[in-house]
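Undergrad: Pasting in a structure now, in structure tokens, and then I'll have a few things to ask.
Chains as they are written, first to last, in the numbering used here: chain L, 1185 to 1650; chain W, 1185 to 1650.
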């Protein structure tokens, strides 16, 4: 199968087509560079051209023409994912959905929109309309799109209350276009959502989204400091277990993360300060203060609505989730990270154990999540990178101890996920992308059903470095 | 201390004072008659007069004059409590707060109101104002007041999401008037709230309330049927553990409760049907259907927005919480009940064990609650009443097995609660009610600090039966 880039481009020349090399290069990159492993593998990867459809009809036209000419299509939003989700491994077409940013309907408890709308803009519209907001968002809220979040994300700010994006009820409906000779338009609800949510656009393109909403409040953003790390972790967990106190974020940063990497926080903490980042509903602040006063070990050092800090630290959620790693990377380019899940009920024990073995090579960064109704932790640990081999050892050490690792140093769905085929995604890809042109190289099960997961998967058709 | 009823009445004659015997008798009764034990003890109890203050100044005037003349004051809302909370054991004055029903301010996430407003009216106002509603309410929503709920309730519809009323954050602020020579007006927040919430008005009168709000939705009300009781309990628990599905109610009724006692449900169930009553947010219905389809043992037999039942069964929450007992009592006057707490993580096991020992003398009625972040059950079991002795045996059997019983066949705070003094309430009563005139006989610790809880407490000054 030999693709015909020139013919595909020609057939799409009436669309918003990007042909400038620098712009194509820029649109071919996501935040894969968080990982030194992915950076060494994917830094050269680039699309042949970029198309920016204005509506669903143009998405269909793009898919149809690329299908005809056997051109791979990798779809992206803002490209803030850090598993290399949006890297066009075989080149071809990058389809950028930035123009598809319409918010179509807002109702009590739900919104209908196109995939390219920024999370920030979606929240602003829902707030203006009826004091609502999306239940959860990635820390890249200001720049990321809702479509990218659904296709490439798993949870974030708000998951301490609402659980993960894939949990029942956190996506209502997705409208999906297939890549066939005659693309189909499908509406997915319920069990069908799992086919395409967090599938990196490997088996269909999301053109419309219906999401649940929560009430929007003027969240009070705070930093709380403790001397002891496990006190900080306990504080975050116990707060999340207070059923009457509504929170949107509870992050825990092991010392010296705050002092070393959080520049505007640095004057107010020291090397030994463990930090907790919080978002609490304003009408829960009385309850929060009572909770705080019961824990004399914890000191409230900042709240966004009442502080005398010389420089405003900005949104507290921009210290949490993947922004923690981003801030650390800016100060120390040798930092990388892991994504872990420490499950109820052994989560605190497991974290203590891993800390004993790995501090200070690994610094704990925890995010409170709910899973199956229980408060537990996502871990986005900061890792001092020395070698790929050592990184693999650290991953294995976590797994052997009982933590689940979503390895962010891998670019396939399986390796970045649960290391098994998601059969619902694979089955749907067989129907929706018979030529295997959608975001190729990201689903091992498609390429090599017998892959043994004994080493890092290397996509055989990965673009050669120049 | 000899009280002077006549002098107190005379001093209050310019207020809305009730002196008609039948009206006084009516205003002296709450729902104590749910319990055959309380019925035998309290049926004759009646106040000497009833006063209905129009505002806080009149509350103060009432308390001041009754203090002067040593007249007990028992404060009530709608009188829908069923622990005898509002029964004036020593006679004297019943202070009825029905005129104090002003809703003062509504803000995002909170409302400020007077105690006498009906829960129903409070919700209507918050909904009209900004699509909000109170987080939780008793099943007597249509007739009960917010002040009565706070002074005499512990949770209800909404507690499956928000926990109990006493949990941090579920009451924001209470304004309280004391019964002293010169009554004080106090504002309580945080830890101070525990002094007067669920204190039956024994140590101060609540004159203003600030409560948190949740978004108001057009809740979809449903009945789901199962053949097996433990399937029904598991269904309710698992649904409540779905972090992305927003619910307001999950009740479980053991067969044959629905068939025997729920008249409008009866044609659609049989003797062996276990029933689940649900309120689910409309935007969570897709998630709910997915959840339901995964459980083929569960059949959706009714939803309020789409059914062909001959007679509308009314609000589903009016089958839950204390309304279950009420419905059973209407059919079978020999029915009474218990209030239990089955705590995480042994709740299901404990319920199964009690069922094995007590069916059919005791029929299980469970309400999903959250406690310390975990889904568990409140039990409001239906009991075939035979004798007080047998009822006490059943209570003991529950306690020995590990269930916590809030005995609804007792009229004191301690016996209906955790069977220990709430020292915060007692300490505050010493300051706020030095003569012990507020709702006398309801706080054992005040009357008899050395009470051993070895038998039912009998208030020595309980009014004699005529």
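Backbone N, C-alpha and C fix where the C-beta goes; we use that ideal spot for every residue, glycine too.
#1: Please confirm if the stretch 1619 to 1638 of chain L is in contact with the stretch 1199 to 1208 of chain W, defined as three or more CB-CB distances below 8 Å between the two stretches.
#2: Compare the Cα-Cα distances from residue 1375 of chain W to each of W:1609, W:1624 and W:1614 and report the closest residue.
#3: Considering residue 1564 of chain L, what are the terminal residues of the beta strand (DSSP E) in which it resides?
#4: In the DSSP assignment, find the alpha helix (DSSP H) that holds residue 1242 of chain L and state where it starts and stops.
#5: Going along the chain, which residues of the stretch 1443 to 1471 of chain L sit with their C-beta nearer than 8 Å to a C-beta in chain W?
#6: What residues from the stretch 1542 to 1559 of chain W come within 8 Å of chain L, judged by C-beta to C-beta, listed N to C?
#7: Between the alpha carbons of residue 1320 of chain L and residue 1226 of chain L, how many angstroms are there, rounded?
#8: One question on the structure: do residue 1231 of chain W and residue 1268 of chain W come within less than 8 Å of each other, judged by their Cβ atoms?
#9: Where does residue 1579 of chain L fall in DSSP's three states?
#10: Against residue 1401 of chain L, what residues of chain W qualify as contacts under a CB-to-CB distance less than 9 Å, listed in chain order?
#11: Can you list the residues of chain L that residue 1313 of chain W reaches, using a CB-CB cut of under 8 Å?
#12: By the 8 Å beta-carbon criterion, what residues does the stretch 1422 to 1434 of chain L contribute toward chain W?
#13: Any chance you could list the alpha helix (DSSP H) runs of at least 4 consecutive residues sitting entirely within the stretch 1457 to 1485 of chain W, in chain order?
#14: Under 7 Å, CB to CB, which of the residues in the stretch 1473 to 1499 of chain L have a partner in chain W?
#15: Using the Cα positions of residue 1271 of chain W and residue 1256 of chain W, report the straight-line distance between them to the nearest angstrom.
#16: Is it true that the stretch 1460 to 1479 of chain L meets the stretch 1511 to 1523 of chain L, where meeting means three or more beta-carbon pairs spaced less than 8 Å apart?
#17: Starting from residue 1277 of chain W, follow its DSSP beta bridges and name the residues at the other end.
#18: Could you tell me the distance, in whole angstroms, from the CA atom of residue 1491 of chain W to the CA atom of residue 1371 of chain L?
#19: In the stretch 1333 to 1354 of chain L, which residues sit with their C-beta less than 7 Å from some C-beta in chain W, listed in chain order?
#20: Can you find at least 3 beta carbon pairs, one from the stretch 1345 to 1352 of chain W and one from the stretch 1418 to 1432 of chain L, that sit closer than 8 Å?
#21: Taking all protein chains shown into account, decide if residue 1131 of chain W is buried (16 or more other Cβ within 10 angstroms of its Cβ) or exposed.
#22: For residue 1356 of chain W, which residues in chain L fall below 7 Å Cβ to Cβ?
#23: Pick helix, strand or coil for residue 1389 of chain W, following the three-state DSSP scheme.
#24: I want to know whether the stretch 1310 to 1328 of chain L touches the stretch 1278 to 1298 of chain L - three or more CB-CB distances under 8 Å.
#25: What first and last residue would you give for the beta strand (DSSP E) that runs through residue 1371 of chain L?
#26: Are the beta-carbon atoms of residue 1323 of chain L and residue 1545 of chain L separated by less than 8 Å?
#27: Can you name the start and end residues of the beta strand (DSSP E) that residue 1159 of chain L belongs to?
#28: Using 8 Å as the limit for Cβ to Cβ distance, is residue 1176 of chain L near chain W?
#29: Quick check on the DSSP output: what are the complete beta strand (DSSP E) runs of length 3 or more inside the stretch 1529 to 1556 of chain W, in order along the chain?
#30: For residue 1570 of chain L, count neighbouring C-beta atoms within 10 Å of its own C-beta (all shown protein chains included) and say buried if the count is 16 or more, exposed if not.
#31: Any contact between the stretch 1440 to 1458 of chain W and the stretch 1577 to 1589 of chain W? By contact I mean 3 or more CB pairs, one from each, below 8 Å.
#32: Using a C-beta to C-beta distance shorter than 7 Å, which residues of chain W count as neighbours of residue 1373 of chain L?
#33: Is the beta carbon of residue 1278 of chain L sitting closer than 8 Å to the one on residue 1243 of chain L?
#34: Going by Cα to Cα distance, which pick from L:1329, L:1281, L:1292 and L:1294 is closest to residue 1303 of chain L?
#35: So residue 1627 of chain L and residue 1597 of chain L are in contact, right, with Cβ under 8 Å, and what is the actual spacing, rounded?
TA: This is what the structure gives:
#1: no
#2: Per the Cα distances, W:1609.
#3: Careful: residue 1564 of chain L lies outside any beta strand (DSSP E) and carries neither H nor E.
#4: Per DSSP, residue 1242 of chain L belongs to the alpha helix (DSSP H) from 1240 to 1252.
#5: Identification of residues in the stretch 1443 to 1471 of chain L having a C-beta nearer than 8 Å to some C-beta of chain W yields 1465, 1466, 1467, 1468, 1470 and 1471, given in sequence order.
#6: Flagged, chain order: 1554, 1555, 1556, 1557, 1558 and 1559.
#7: Going from the Cα of residue 1320 of chain L to the Cα of residue 1226 of chain L covers about 30 Å.
#8: In this structure, residue 1268 of chain W does not lie closer than 8 Å to residue 1231 of chain W by Cβ.
#9: Residue 1579 of chain L: helix per DSSP, three-state reduction.
#10: 1292 and 1293
#11: Around residue 1313 of chain W, no beta-carbon contact reaches into chain L at under 8 Å, the shortest distance being about 11 Å.
#12: 1424, 1425, 1426, 1427, 1428, 1429 and 1430
#13: 1469 to 1477
#14: 1473, 1474 and 1475
#15: 12 Å
#16: no
#17: The partner list for residue 1277 of chain W (beta bridge, DSSP) reads W:1233 and W:1257.
#18: Between residue 1491 of chain W and residue 1371 of chain L, the C-alpha separation is close to 26 Å.
#19: 1346, 1347, 1351, 1352, 1353 and 1354
#20: yes
#21: Any answer about residue 1131 of chain W is impossible in this case: the structure gives chain W only from 1185 up to 1650.
#22: 1467 and 1470
#23: strand
#24: Contact holds: three or more Cβ-Cβ distances are below 8 Å.
#25: Where residue 1371 of chain L is concerned, the enclosing beta strand (DSSP E) stretches over 1369 to 1372.
#26: no
#27: Residue coverage of chain L in this structure runs from 1185 to 1650, which leaves residue 1159 of chain L outside it and unanswerable.
#28: There is no way to answer for residue 1176 of chain L, as the model of chain L reaches only from 1185 to 1650.
#29: 1549 to 1555
#30: exposed
#31: no
#32: Ordered by position in chain W, the residues that pass the 7 Å Cβ test against residue 1373 of chain L are 1470.
#33: no
#34: L:1329
#35: 5 Å
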